[in-house]
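Notes to accompany the following structure.
Protein chains: 2
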Amino acid sequence: MFTQQDIKFMKRAISLAKRGIGYVNPNPPVGAVVVKDGMIISEGYHERYGGFHAERNAILNARKRGVDLLGTTMYVTLEPCDHYGKTPPCTDLIIETGIKRVIIACRDPNPISGDGISKLQRAGIEVMVGLLENEAKEVMKFFIKFITKKLPYVTLKYASSLDGKIADFNGNSKWITNELRKVVHKLRREHMAVMVGAGTVLKDNPQLNIRLVRSKKRAPIKIILDWEGKTLDRCSEQNVYSPESEVIVFSKRVDYPVKNHVRIVKAREPIEILKTLWTLGIDSVLVEGGAEVFTEFLPFADEIYAFYGLKVLGDGRDIFAGISNTIDTPFGFSITKTLVAKNRSEFLVVMKRCSQV
Amino acid sequence: MFTQQDIKFMKRAISLAKRGIGYVNPNPPVGAVVVKDGMIISEGYHERYGGFHAERNAILNARKRGVDLLGTTMYVTLEPCDHYGKTPPCTDLIIETGIKRVIIACRDPNPISGDGISKLQRAGIEVMVGLLENEAKEVMKFFIKFITKKLPYVTLKYASSLDGKIADFNGNSKWITNELRKVVHKLRREHMAVMVGAGTVLKDNPQLNIRLVRSKKRAPIKIILDWEGKTLDRCSEQNVYSPESEVIVFSKRVDYPVKNHVRIVKAREPIEILKTLWTLGIDSVLVEGGAEVFTEFLPFADEIYAFYGLKVLGDGRDIFAGISNTIDTPFGFSITKTLVAKNRSEFLVVMKRCSQV
């Protein structure tokens, strides 16, 4: 049904979509290419939250250069929207442009987007759906979870020694892995928010911003789990409270005098916290520790990035705190990727919850 | 200096050598091919301890078929011996056969083998050395360690959960990894001996033999570290004492009444134990646990096979017992290989001591 050409063009659309990851949340990153006589004549992607959709950018890019799109084929990674949001419906623009055929990787799971496929078909446009659907879904995984489950996508990230310790007996945890730290900063760029416990803030005073990779944003939203308000008492001393990005603190008291970029919410249970993040429009959260936070959010994790450094620490801090599983307790994750650092002394194992593999 | 043809033939010799791994100890596994006019006309390898060397087998295979080896080239993974051991010198046979050229991967580190290269050269044979030397050394790593360090090659093997536990809080450790167990049985086939502590014997009653892969031997030599003699009191109940292979027990008392295939030696310190194994002609030992044994033999390990199962056990038995390293303690190993099981829920990381990578 789909040709090698089709696959090639959709791959290009997916790679364009990826450029939006981390900048469009909680919108989906989407890419589009327009093809005439076997050649790409225009491209576009959703670049930032509130900006034009991929289809509109592809069409506008053509118009700017006076390129006529009559009779062409559009490849787009997500079903074009048929509603007025921050921008008018893409369907109308596609129809008006005279595009003859639209090939879509993945239907829009969002009911408010309207039925874009029917609208296009009623206008006489040939529509095909499902090309490289899984690859496209992977790029939009935050959005899909956010829309269909009304919860943010949760990624757990830990850096451990070979023997499962995230800190040595002195509590020191910098850097168990070093060369692969870039991957962590890429994860921070991709996710809309990062989360840590108050203990980690007080002990490590982390910045939790994006440093080792190029990024259009300085930091993700920072979420601090601080039921007792221990970091709130001294927030001016903590890097994490820097005004470079919004900070959300979950605490039992909400009446601390804090700056404008800090919001305090009363919630303690992981599910409550995740639901709150959803209502705040946060589609993805990278859980960075410590051990108690890992344990509490493990049941909600969609993906785990497990970094291991070639060290043996022995007595030290376990990755997880307060777990007692037997050997036949199902874990429910599956390895999707492994990576060995060039220095050959660190490795990464990426795992996804099985239902989503 | 060496041609693509040369590399091809030496690769073949190395792959023949590998067939002897696990069956020739403490001799080196060696392979040889004889080439005439760009074609392999005979092959041989060292098949079992006490059997003919690779060169002799290659020459005899040709003679059996009436093939004349005059003017041919031999590719052999180790310098031919020039002494009378269990078999006469290979050098004499090569010279007598009229082979014109001998290409050798690796010089013999064993002084008692004599200077085979000079002997061949003095007889007018062209000799070249060093082709695929590292690959050949990897195949003979047990032999090289045994000869040059007067110690056996030590491989540590553990199977752990993601969080560094080799048993759950009940002490249960079967099977943290399942699909990759075949690799363990292959390691048992390759190594001359396996080693466990008395605690592991009493708790798991392991067989420590070779089951999941094809093997010409039923089991490696079994070494039990049992200073207190706890397994010796009830050895008839323990699988590990089966007469399928020799058993060596390190204990403070040596006067237990044991069967003929069991030998008791008084030694406690790891270095003493390893030196004893060397004097007994054991070139390689696979250390299979438990935690105390891993900790004691880690400083002597040449290689680590770290199996991880996708499980989180939390409270449970740590891989290593009684270690307290800081985060900047050097570990000195380097990753040489990673492997993900087909079921995607187990992985293996192989590490080698850096000086040997």
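Protein chains in written order, with full-length UniProt numbering: chain A, 1 to 357; chain B, 1 to 357. Ideal Cβ positions, reconstructed from N, Cα and C, are used throughout, including at glycine.
* Under the DSSP definition of a beta bridge, which residues are partnered with B/S324? -> A/G314
* **Nonlocal neighbours in the same chain, by C-beta distance under 8 angstroms from A/C81, ignoring five residues either side** => H53, P89, C90, T91, D108, S113, G114 and G116
* To do: State yes or no: is the beta carbon of A/Q356 nearer than 9 angstroms to at least one beta carbon in chain B?
  => With a pLDDT of only 47 at A/Q356, under 50, the local geometry of the prediction cannot be trusted, and no value is derived from it.
* Quick one: is residue 378 of chain B buried, meaning 16 or more other Cβ sit within 10 Å of its Cβ, or exposed? -> Residue 378 of chain B lies beyond the residue range present for chain B, which begins at 1 and ends at 357; the question has no answer from this structure.
* Nearest to B/N27 by alpha carbon, out of B/M140, B/T336, B/V194 and B/T3? -> B/M140
* Distance, Cα to Cα, A/Q356 vs A/D302? -> With a pLDDT of 47 at A/Q356, under the threshold of 50, the predicted position of this residue should be treated as unreliable, and no value is reported.
* Beta-carbon proximity of A/I166 to A/M195, cut-off 9 angstroms -> no
* B/D92 CB to nearest chain A CB: under 9 angstroms? -> no
* To do: Determine which residues of the stretch 162-189 of chain B have a Cβ less than 9 angstroms from any Cβ of chain A, and write them out in chain order.
  => L162, D163, G164, K165, A167, D168, F169, N170, N172, S173, K174, W175 and I176
* List the residues of chain A that B/V349 touches, going by C-beta distances under 7 angstroms, in chain order. => F347
* To do: Going by DSSP, name the residue or residues bridged to B/L78.
  => B/C106
* How would you call B/P243, buried or exposed, if buried means at least 16 neighbouring beta carbons within 10 angstroms? -> exposed
* Asked: Skipping 5 residues on each side, what residues in its chain have a beta carbon closer than 7 angstroms to that of A/D6?
  -> I103 and L131
* Asked: Should A/T177 be labelled buried (16 or more other beta-carbon atoms within 10 Å of its own) or exposed?
  -> buried
* Asked: DSSP puts A/L225 in a beta bridge; with which residues?
  -> A/G197 and A/F250
* Under a CB-based cut-off of 9 angstroms, is B/F331 close to chain A? -> yes
* If you check the beta carbons only, do A/N57 and A/G66 fall under 9 angstroms apart? -> no
* From the DSSP output, which residues share a beta bridge with B/S334? -> B/K352
* B/K68, buried or exposed, once every other Cβ within 10 Å from all chains shown has been counted against 16 -> The identity of residue 68 of chain B in the sequence shown is Asp, whereas the question assumes Lys. That one is exposed.
* Under 7 angstroms from the C-beta of B/R344: neighbouring residues of chain A -> S334 and I335
* To do: Quick one: using the 10 Å Cβ neighbour count with 16 as the cut-off for buried, is A/R118 buried or exposed?
  => Looking at the sequence provided, one finds Ser at residue 118 of chain A rather than Arg. The residue is exposed, with fewer than 16 neighbouring Cβ atoms inside 10 Å.
* Looking at the C-beta of A/G289, does it have a partner C-beta in chain B at a distance below 9 angstroms? -> no
* Under 9 angstroms between the Cβ atoms of A/S173 and A/D204? -> yes
* Pick helix, strand or coil for A/D68, following the three-state DSSP scheme. => coil
* Are there 16 or more other CB atoms within 10 angstroms of the CB of B/K342, so buried, or fewer, so exposed? -> exposed
* **Alpha-carbon spacing of B/K157 relative to B/A105, whole angstroms** => 30 angstroms
* Contacts around residue 417 of chain B, its chain only, beta-carbon distance under 7 angstroms, and the 5 residues preceding and following it disregarded -> With chain B covering only 1 through 357, there is no way to say anything about residue 417 of chain B.
* Three-state secondary structure (DSSP) of B/I210 -> coil
* Asked: Name the chain B residues whose beta carbon is nearer than 8 angstroms to that of A/K311?
  -> N325, I327, T329 and F331
* **Continuous alpha helix (DSSP H) stretch holding A/S118: start and end** => G116 to R122
* Run through DSSP, which three-state label would B/S160 get? -> strand
* If you measure from the CB of B/P243, is any heavy atom of the ligand NAP nearer than 8 angstroms? -> Of the ligands one can find in the structure shown there are none, so the ligand NAP has no counterpart to examine.
* Pick out whichever of A/Y241, A/V258 and A/R263 has its Cα sitting closest to the Cα of A/F250. => A/R263
* Asked: So which of B/F9, B/L212 and B/R48 has the shortest CA-CA distance to B/G38?
  -> B/F9
* To do: Taking A/V127 as the reference, give the member of A/E135, A/K100, A/T148 and A/K145 with the closest Cα.
  => A/K100
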